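Sequences listed follow chains A and B, in order.
If you're matching positions, the first sequence starts at 1 in the working numbering and goes up one per residue.
If you're matching positions, the second sequence starts at 1001 in the working numbering and goes up one per residue.
2 protein chains.
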Amino acid sequence: MPSHLRSLLIATVLLVPSAFAQPARPPEPVLTPEEKVLRAIFTEALAHGQAYDNLRLLVTDSPGRLAGSKALERAVVSTEKMLNALGLDRVYKQDVMVPHWERGPKESVTLLPPAGTKGGGIGLTAVALGGSIASPKEGVTAEVIEVKSIDELATLGREKVAGKIVFFNRPMDPSFVSTGRAYGDAGDQRFRGPAAAGKYGAVAALTRSLSLSLDDVPHTGLTVYASDQPKVPAAALSTHAANQLSAALIATPRLRITVKVHSQSFPDAPSHNVIGEIRGTEFPDEIILVGGHLDSWDIAPGAHDNGAGCVQSIEVLRLFRTLGLKPRHTIRCVLFTNEENGTRGSTAYADLASKSGQKHLLAVETDNGGFQPRGFNLGSTQGPAHERAARWRPLFEPYGIYAFSKGPGGTDVNPLLVQGSTVAGLTPDSQRYFDYHHTSTDSLDKVNPRELHLGAAALASLIWLVDTQGL
Amino acid sequence: MPSHLRSLLIATVLLVPSAFAQPARPPEPVLTPEEKVLRAIFTEALAHGQAYDNLRLLVTDSPGRLAGSKALERAVVSTEKMLNALGLDRVYKQDVMVPHWERGPKESVTLLPPAGTKGGGIGLTAVALGGSIASPKEGVTAEVIEVKSIDELATLGREKVAGKIVFFNRPMDPSFVSTGRAYGDAGDQRFRGPAAAGKYGAVAALTRSLSLSLDDVPHTGLTVYASDQPKVPAAALSTHAANQLSAALIATPRLRITVKVHSQSFPDAPSHNVIGEIRGTEFPDEIILVGGHLDSWDIAPGAHDNGAGCVQSIEVLRLFRTLGLKPRHTIRCVLFTNEENGTRGSTAYADLASKSGQKHLLAVETDNGGFQPRGFNLGSTQGPAHERAARWRPLFEPYGIYAFSKGPGGTDVNPLLVQGSTVAGLTPDSQRYFDYHHTSTDSLDKVNPRELHLGAAALASLIWLVDTQGL
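See below:
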């Protein structure tokens, strides 16, 4: 009988709990030189990773680090310190002017009692969308019209919409396996819905929170107005509150609600991209970039979005330094400012890159949460980079990483695509991300240190392979 | 410029947040008939899965459902109800006598003040191991000797160990990517350590909790004594407390501690395997089994271990019923009793299977937590079943499932291996499992509904493929 079956039977006879039934230390396979480097990277990250400790510091010291905030300024200082502690060849900041929007006093959405009845209104759990204009101080009060899409709004037209509060209530589709796909599919309601509502004469817009979880946590996020159309105040309801409002509208179609938003926009504020690098031994002017974004929404600790990406990017440099990996090309960590509501950081960086004449071989970002990494998406103007990278799949599979897909990189690295860089994004497990995304619950306890560190090791491994073998 | 690049640029120009940069609805690929079935299974599970609601019921109604407990009896009743609600061909119970051990009043481990000093002792966070004998009422008080392995204990020998409390303090190795491997590698300290301590004349044994998290949560689990050696009381310290004790021993090597355990063993108690099945249309006497275990540790809500496996197994039958999939072979869900401290349920089931002459084509269990599924392990006496199953890998990859490895199935299905069945186990992500395993924190909030439902869909898909195509 083969030895593995023998061990199974022995395990069974001894009543060994399931996890013990695995042979504890199977003989170590002989590793190739490149397998050894990846093993060293993952072992260092899992056994001695510093990203989680850095994340604790960042989200404790600088929650709510939206563009223009003091918290973002503190985050610039603390991440610069983290980079300086690594003994890099260069740590510096790039000045960037960023938009400055503030939420102001807490917003409210109140369901008014039906006309002729007594009693007060019922508060619906809500949060103003980022960039929303303020309502008048006393709020906007009007009837509500529920729609499932911007197209439906267009079909209804100005006649039925004017003077009303539009309520976009199409849930994210749970049948998408990738929750990012479900977000992309439903996200137009938040991103463009209020602008469309204004176009048809609505007085305010509410959107169902972009979450697959049914709960009381409202999700903010950017909404963008059309420059040539009226702007209306906009807020997101929690998924519970959205269901509550929808049910109330069935019972009482002409229900009225009051929306109060007290936000304010200020002149652009100074901010910074924070940058650290290890100079390449052979090609110092050819860059491999790894990055995340430093800002978060004002209501969010920003642990997954995108504290995780920042500390993973810093960890990549630490792994190179600690393991004595001397890159041929310059490895540069860029912590972009203002991804959430302006992308001024990435625009400014791309401008600088264009002017400096430095070539970016690869620009990879991590902005999809600090979960177990599953793969990378890669895009290039020079043919299918994801297919070329897939040759490394056998090297990554022992670490649970197997998916190399064609993709758009990410918001902060995409401007480098037209400059000839291959852009890429780390793809972690997506199931839990939108439970926390852009909310007050995106906190440290939602991040597992091992999953975070595996992501950093995945990034360092890809970068080491591109540095040594090209892509 | 290729259209995907064009969309990238448009997305960038519009300052679209990263997740929006993905095309929302790429053209749906044409699916093969088998791809359509898997798509239907996963869609039903993600959009209408009932496993999470069942899990809420199970862990709310029956936490701490250890063999011999009232809670386990309640779990038998409630899971039988869940199966009955599905309109199956048969739902029944198999009588099984199970061991009955109770923890009794709360255990304690107290660090005594050094001789000659004043002040009270310091409590160390601890939990008695399952099956531990009781200490005398006043506890066992002795000096502590710290070791890193059973081998080290053997090297020290009776002379240095007799009369002492042995403290096994080898941490789980964080560099294993699979935390199950790390558990298997460190687990002998809990499983066999106290027996070894007794053999060398120790008066009690403490083990470091089997966890990769540094926290105050102690982990219980089975310890097994040798029948021909003295038995000693045994408890696990939280990882924090283990570090605390280790540091104290460096400062004061002859420190003494008191261990109090108040457990009691009772005569065997009646219990049940709970079974439901859909009769096969062509081969009703050939079984495809899916199962988990109904019992949990007494201190644990048992959400991941193994409420998740029970409700996933039930969900497999629901998916077949709801989607109108009429299996050729009988699909049987078995919820085994007493996996944690006796495996009497699986032994009794295997005995019955052997006597009945029913052939088990495949017996797959799910007992590694309700996390995102990544693959299956498969074992067979008829050559490499995992390699044969790997032909389905392209069907599973869209759902994040890619790993088909040689493996031992699991504790409850392994006895069926020698009867000619292929045994298998669902392999979910392992990073978070041992943070909660065998603790009071293994609660509903640690389970993500989508991850749980993806696991159920993975099981149903494997079973449908084996039913229709053989393995």
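Glycine residues also receive a C-beta, built at the ideal position from the N, C-alpha and C atoms.
Quick caveat: nothing in here was measured; it's all calculated off a predicted structure.
Alpha-carbon to alpha-carbon, residue j and residue i
i	j	result
A/ARG6	B/PRO1408	Residue placement at A/ARG6 is flagged as unreliable, the pLDDT there being 34, under the threshold of 50; the coordinate-derived value follows with that caveat. When rounded, the distance between both Cα atoms is 10 Å.
B/THR1117	B/ALA1226	39 Å
B/TYR1399	A/GLN431	11 Å
A/VAL98	A/LEU362	26 Å
A/PRO267	A/GLY68	9 Å
A/ALA457	A/ILE41	6 Å
B/ALA1021	A/ASN414	Reliability fails at B/ALA1021, whose pLDDT of 42 lies under 50, so the model's placement of it is uncertain and the value that follows must be treated cautiously. When rounded, the distance between both Cα atoms is 10 Å.
A/GLN469	B/LEU1058	53 Å
B/ALA1182	A/LEU31	20 Å
B/GLN1312	B/GLY1369	10 Å
A/SER440	A/ALA300	4 Å
B/THR1043	B/LEU1249	56 Å
B/PRO1029	A/SER405	16 Å
A/ILE150	A/THR381	33 Å
A/GLY49	A/THR252	56 Å
A/LEU459	B/GLY1420	44 Å
B/LYS1446	B/ALA1403	24 Å
B/LEU1038	B/LEU1395	8 Å
Three-state secondary structure (DSSP) of residue i
i	result
B/LEU1124	strand
A/GLY455	helix
B/THR1223	coil
A/LYS260	strand
A/GLU138	coil
A/VAL16	Model confidence at A/VAL16 stands at a pLDDT of 40, short of 50, so the residue's coordinates are unreliable; what they give is reported in the following sentence. Coil.
B/ARG1344	helix
A/ILE165	strand
B/LEU1335	strand
A/LEU38	helix
A/GLY157	helix
B/ALA1045	helix
B/ASP1268	strand
B/ILE1278	strand
A/ARG374	strand
A/VAL144	strand
Test item: CB-CB of residue i and residue j under 8 Å
i	j	result
B/THR1411	B/SER1461	no
A/GLN94	A/ASN273	yes
A/LYS148	A/ARG170	yes
B/PRO1218	B/THR1125	yes
B/PHE1376	B/GLY1425	yes
B/ILE1257	B/MET1082	no
A/GLY121	A/LEU112	yes
B/PRO1373	B/PRO1428	yes
B/LEU1294	B/THR1337	yes
B/LEU1222	B/GLU1340	yes
B/GLU1080	B/VAL1091	yes
A/ALA236	A/VAL259	no
B/ASP1173	B/ASP1188	no
A/GLU532	A/LEU88	There is no way to answer for residue 532 of chain A, as the model of chain A reaches only from 1 to 471.
Run of the alpha helix (DSSP H) containing residue i, from where it starts to where it stops
i	result
A/MET82	70–84
A/GLY318	The question names Gly, yet the displayed sequence has Arg at residue 318 of chain A. Per DSSP, A/ARG318 belongs to the alpha helix (DSSP H) from 309–322.
A/ALA196	193–199
B/THR1179	1179–1186
B/ALA1051	1051–1061
A/PHE176	Run containing A/PHE176: none; DSSP gives neither H nor E here.
A/ASP435	433–436
Host beta strand (DSSP E) of residue i (start-end)
i	result
A/LYS93	90–102
B/ASN1243	Careful: B/ASN1243 lies outside any beta strand (DSSP E), inside the alpha helix (DSSP H) at 1239–1251.
A/VAL290	283–293
A/THR110	108–111
A/GLU365	359–365
B/THR1207	1204–1208
Residue-chain proximity (residue i, chain D), Cβ-Cβ < 8 Å
i	result
A/PHE376	The chain inventory of the structure shown lacks chain D, comprising the protein chains A and B.
Residue i: CB within 7 Å of a non-hydrogen atom of the ligand ADP
i	result
B/ARG1432	Here there are no bound small molecules, and the ligand ADP is not part of this structure.
Quiz item: Going along the chain, which unbroken runs of the beta strand (DSSP E) with 3 or more residues stay wholly within the stretch 1378–1430 of chain B?
Solution: 1403–1406, 1422–1428
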